[in-house]
Amino acid sequence: MKKPRFSSLYLIFVFIILYTPIFYLIFYSFNAGGNMNHFTGFTWEHYQTLFSDQRILVIVLDTLLIALLSSLVATIVGTFGALGIAGHKKAATRSTLLTLNNVLMVSPDVIIGASFLILFTSLGIGLGFGSVLVSHIAFSIPIVVLMVLPKVNELDPALLNAAQDLGASKAQTFWRVIIPYITPGILSGFFMAFTYSLDDFAVTFFVTGNGFTTLSVEIYSRARQGISLEINALSAVMFIFALLLVVGYYFVNQYSRSRRQRQKRHAQAEVTLR
Amino acid sequence: MKKSKQFFMVPYFLWIALFVVAPLLLILYQSFTDGQGHFTVRNYLTYGSSSVYLKMSLNSLWYAFLITVITLLVSYPAAYILSRLKHQQLWLLLIILPTWINLLLKAYAFIGLFSRAGAVNHFLMFIGIGPKQILFSDFSFLLVASYIEIPFMILPIYNAIVQLDPALPNASRDLGASPWQTFRLVTFPLTLSGVKAGVQAVFIPSLSLFMLTRLIGGNRVITLGTAIEEHFLTTMNWGMGSTIGVILIVMMFVIMMLTNDRKKKRREVLDDEKTTL
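For the record, the sequence lines run as chains P and X. This note's numbering puts the first residue of the first sequence at 370, with every later residue one more than the last. This note's numbering puts the first residue of the second sequence at 7, with every later residue one more than the last.
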């Protein structure tokens with residue numbers, strides 16, 4: 370069994386590459402020396418600076434607010450978009466809509482940022498919280514559509530017919546059959562939109578103006594000035610936050626899967642009992 | 007019912023009109039204006055006749071190509087191995103997790119790692135090569151950009167490999183093909199859709215990573231993205247910026263056409279199979 374050992378070594382190597390920079394940042398956030406080269410001693414000092422930095426705290430809250438609001442709105446609009454695309458009878462219309470949907474997915478961030486900047490100026494909309502929020506909604510919608518659409522396509526028409534034959538109203542069919550069925554897609558769409566928003570730098574950088582800043586933009590301007598271990602402390606906090614999100618997402622997935630399996634088993638048990 | 011359905015679709019169509027179609031038209035319009043808003047084709051003439059712009063564009067394409075090749079070479083084996091593991095969901099999350107860390111923080115980490123007295127130079131001294139200027143070079147830009155794009159390449163390839171019917175490679179092995187033949191003639195062609203999706207996800211963003219060129223490349227590398235950012239936010243020459251933007255959009259469409267084409271063909275092949283069956 371030589372091969373599997375080599376392959377797992379390779380995978381470990383990839384994981385080391387992926388995580389070295391992150392843990393490097395976190396490691397030096399405890400450095401009393403004040404730089405990222407020599408670890409001279411352990412300190413919480415940078416975390417204290419971070420948590421007493423009003424400016425950063427406000428920016429963190431703003432960033433989270435933008436991410437939450439934009440992903441919520443994008444999820445609602447995108448879910449209806451996916452239902453609408455799937456509902457079209459003509460394949461040509463569907464693929465045209467899908468192409469239009471994907472334009473923002475494949476557009477480079479700078480193009481999105483620059484064209485939105487032109488859009489906002491030509492509409493006379495001031496740059497700030499509003500323009501950033503609207504931009505984040507706009508670039509998150511297509512990912513939600515792409516996450517929800519496969520689930521909608523999987524939806525068996527027989528299921529809908531059955532619901533209607535059994536006397537469910539349109540609204541009941543929608544809320545009790547369609548929505549529960551596509552919920553996994555909606556949830557992953559929401560999570561993706563949320564992370565897109567948190568991670569975005571380029572689009573925000575273009576449409577943010579002077580008064581409003583998100584975390585990415587703030588980190589960029591600080592990183593251009595050089596090393597400050599406060600950013601390291603911030604990265605450690607954000608890593609733990611991302612870790613919690615990922616673990617939460619994992620368990621939500623596992624839970625819904627095991628519940629589905631349990632339901633399946635129940636159904637089978639009932640069938641065999643009869 | 008039909009009406010209510012359309013009513014719920016309104017925001018989505020508004021979104022398409024306002025944030026997909028309108029921005030593209032606006033950037034096209036802007037590229038044909040000068041500083042006073044008059045119609046002109048001078049931006050395109052300047053672009054076409056200036057060796058600086060043309061060289062920059064070719065350079066940008068070349069870097070994006072290199073980044074794509076590096077990530078593909080690292081990611082395909084990783085995705086393949088990943089698809090053979092137990093607890094795949096967990097491993098997959100570990101691949102996704104770094105993408106949830108802000109891109110700027112990762113770039114910032116490399117400023118520390120690559121700096122003159124940083125960890126990488128310590129390592130180079132340790133193995134006897136001696137310290138090198140790593141930061142602010144094209145090499146560091148390539149490395150950091152590839153690092154950032156790796157998960158975006160692994161995920162689509164992984165998805166394609168998982169969807170591959172294991173009976174096919176097994177059949178190939180049973181019929182006497184060597185592992186390499188099986189990979190080259192069965193597994194790889196059948197997972198090509200994932201590779202193409204990955205290339206699409208990596209190549210196009212790589213044309214526009216202006217923050218990396220500034221933070222890591224130290225302005226030695228100028229991509230199309232850097233040029234656009236500079237024209238829009240520093241020199242305020244939106245016309246020229248939009249012209250470069252339009253060129254970038256054209257490149258994007260070319261790449262999309264190159265990477266989408268095959269899928270259609272595959273669908274046609276599938277349809278053919280169905281009709282013959």
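Every residue gets a Cβ at the ideal spot worked out from N, C-alpha and C, and that includes glycine.
Do residue i and residue j have their C-beta atoms closer together than 8 Å?
i: X/L141; j: X/G245; result: no
i: P/L502; j: P/S440; result: no
i: P/A605; j: P/I395; result: yes
i: P/Y619; j: X/Q95; result: yes
i: X/T77; j: X/I156; result: yes
i: X/W21; j: P/I386; result: no
i: X/Y69; j: X/T249; result: no
i: X/L174; j: X/L148; result: no
i: P/D569; j: P/H505; result: yes
i: P/V517; j: P/G558; result: yes
i: P/I596; j: X/G118; result: yes
i: P/I512; j: P/M474; result: yes
Under DSSP, the alpha helix (DSSP H) around residue i begins and ends at which residues?
i: X/Q139; result: Element bounds for X/Q139: n/a, residue is neither H nor E.
i: P/P477; result: Where P/P477 is concerned, there is no enclosing alpha helix (DSSP H), given that its DSSP letter is neither H nor E.
i: X/S199; result: L198 to S212
i: X/T74; result: S57 to L88
i: X/F116; result: L109 to F120
i: P/M561; result: I548 to D568
i: P/G499; result: F498 to E523
i: X/E236; result: Run containing X/E236: none; DSSP gives neither H nor E here.
i: P/L528; result: P526 to D534
i: X/T105; result: Q94 to W106
i: X/D180; result: A173 to D180
i: P/F575; result: A571 to V576
i: X/T188; result: P185 to T188
Could you give the DSSP three-state label for residue i: helix, strand or coil?
i: X/N243; result: coil
i: X/T281; result: The predicted position of X/T281 is uncertain, since its pLDDT is 41 and thus under 50; a value taken from the coordinates is nonetheless stated next. In the structure shown, X/T281 sits in a helix (DSSP, three-state: H, G or I).
i: X/T39; result: strand
i: X/K271; result: Model confidence at X/K271 stands at a pLDDT of 46, short of 50, so the residue's coordinates are unreliable; what they give is reported in the following sentence. Three-state DSSP puts X/K271 in a helix.
i: P/N400; result: strand
i: P/M370; result: Reliability of the predicted coordinates at P/M370 is poor, the pLDDT of 43 falling under 50, and the value obtained from them is presented with this limitation in mind. Three-state DSSP puts P/M370 in coil, outside helix and strand.
i: P/F420; result: helix
i: X/F13; result: helix
i: P/L411; result: For the sequence presented, residue 411 of chain P should be read as Phe rather than Leu. Reduced to three states, the DSSP call for P/F411 is strand.
i: X/F45; result: strand
i: P/I609; result: helix
i: X/F129; result: helix
i: X/W21; result: helix
i: X/M7; result: Because X/M7 sits at a pLDDT of 44, beneath the cut-off of 50, its placement in the model cannot be relied upon, and the point is left open.
i: X/N225; result: coil
i: P/S590; result: helix
i: P/N470; result: helix
i: P/F581; result: coil
i: P/I348; result: Since the first residue of chain P shown is 370 and the last is 643, residue 348 of chain P is not available in this structure.
i: P/Y388; result: helix
i: P/N601; result: helix
i: P/N406; result: coil
i: P/K539; result: helix
i: P/I428; result: helix
i: P/G493; result: coil
i: X/A28; result: helix
Query raised in the report: For the stretch 555-571 of chain P, which residues have a beta carbon sitting closer than 9 Å to at least one beta carbon of chain X?
Result: Against chain X - using a Cβ distance shorter than 9 Å - the residues of the stretch 555-571 of chain P are T564, L567, D568, D569, F570 and A571.
**Report entry** Members of the stretch 29-44 of chain X that neighbour chain P once the beta carbon cut-off is set at 8 Å
**Finding:** Those would be P29, L30, L32, I33 and Q36, in chain order.
**Report entry** Where the stretch 104-122 of chain X meets chain P: residues whose CB sits under 8 Å from a CB there
**Finding:** Residues are counted here when their Cβ sits less than 8 Å from a Cβ of chain P; for the stretch 104-122 of chain X these are P104, T105, W106, I107, N108, L109, L110, L111, K112, A113, Y114, A115, F116, I117, G118, L119 and S121, given in chain order.
Query raised in the report: Between the stretch 201-218 of chain X and the stretch 155-174 of chain X, do at least 3 Cβ pairs fall closer than 8 Å?
Result: Verdict: yes, contact present.
Report task. Note down, in chain order, all residues in the stretch 472-497 of chain P with a beta-carbon under 7 Å from any beta-carbon belonging to chain X. Result -> Taking a C-beta cut-off of 7 Å against chain X, the contacting residues of the stretch 472-497 of chain P are V472, L473, V475, S476, P477, D478, V479, I480, A483, S484, F485, L486, I487, L488 and S491, listed in chain order.
**Report entry** Members of the stretch 163-185 of chain X near chain P, C-beta cut-off 7 Å
**Finding:** Residues are counted here when their Cβ sits less than 7 Å from a Cβ of chain P; for the stretch 163-185 of chain X the count is zero.
Requested in this report: Flag this pair as touching only if the stretch 589-598 of chain P and the stretch 546-555 of chain P have three or more C-beta atom pairs under 8 Å; answer yes or no.
Outcome: Contact between the stretch 589-598 of chain P and the stretch 546-555 of chain P is absent, because fewer than three Cβ pairs lie under 8 Å.
Requested in this report: Determine, using beta-carbon pairs with one atom in the stretch 563-579 of chain P and one in the stretch 212-229 of chain X, whether at least three such pairs fall under 8 Å.
Outcome: Yes: at least three Cβ pairs fall under 8 Å.
**Report entry** Contact set between the stretch 232-259 of chain X and chain P, restricted to residues whose Cβ is under 8 Å from the partner
**Finding:** Listed in sequence order: I234, E235, F238, L239, W244, G247, S248, G251, L254, I255 and M258.
Query raised in the report: Of the residues that make up the stretch 375-390 of chain P, which ones have a beta carbon closer than 8 Å to any beta carbon in chain X?
Result: The stretch 375-390 of chain P vs chain X, Cβ under 8 Å: S376, S377, Y379, L380, V383, F384, I386, L387, Y388, T389 and P390.
Requested in this report: Mind the definition here: the stretch 107-123 of chain X touches the stretch 132-141 of chain X only if three or more C-beta pairs lie below 8 Å; say whether that holds.
Outcome: Three or more beta-carbon pairs separated by less than 8 Å link the stretch 107-123 of chain X to the stretch 132-141 of chain X, which places the two stretches in contact.
Requested in this report: Taking a Cβ distance cut-off of 9 Å, strictly less, list which residues of the stretch 589-602 of chain P are near chain X, in chain order.
Outcome: For the stretch 589-602 of chain P, the set of positions with a beta-carbon nearer than 9 Å to some beta-carbon of chain X reads Y589, R591, A592, R593, G595, I596, I600 and N601 in chain order.
Query raised in the report: Quick one: any contact between the stretch 515-529 of chain P and the stretch 451-469 of chain P, if contact means 3 or more CB pairs under 8 Å?
Result: A contact exists between the stretch 515-529 of chain P and the stretch 451-469 of chain P.
Query - Where the stretch 504-528 of chain P meets chain X: residues whose CB sits under 7 Å from a CB there - result: Within the stretch 504-528 of chain P, the residues whose Cβ lies closer than 7 Å to some Cβ of chain X are A507 and I510, listed in chain order.
Report task. Give a yes or no on contact between the stretch 477-484 of chain P and the stretch 27-46 of chain X, applying the rule of three or more CB pairs nearer than 8 Å. Result -> With the cut-off at 8 Å, the stretch 477-484 of chain P and the stretch 27-46 of chain X touch.
Query raised in the report: In chain order, what residues of the stretch 443-454 of chain P put their CB closer than 7 Å to some CB of chain X?
Result: If the cut-off is 7 Å between Cβ atoms, the stretch 443-454 of chain P has V446, F449, G450 and G453 near chain X.
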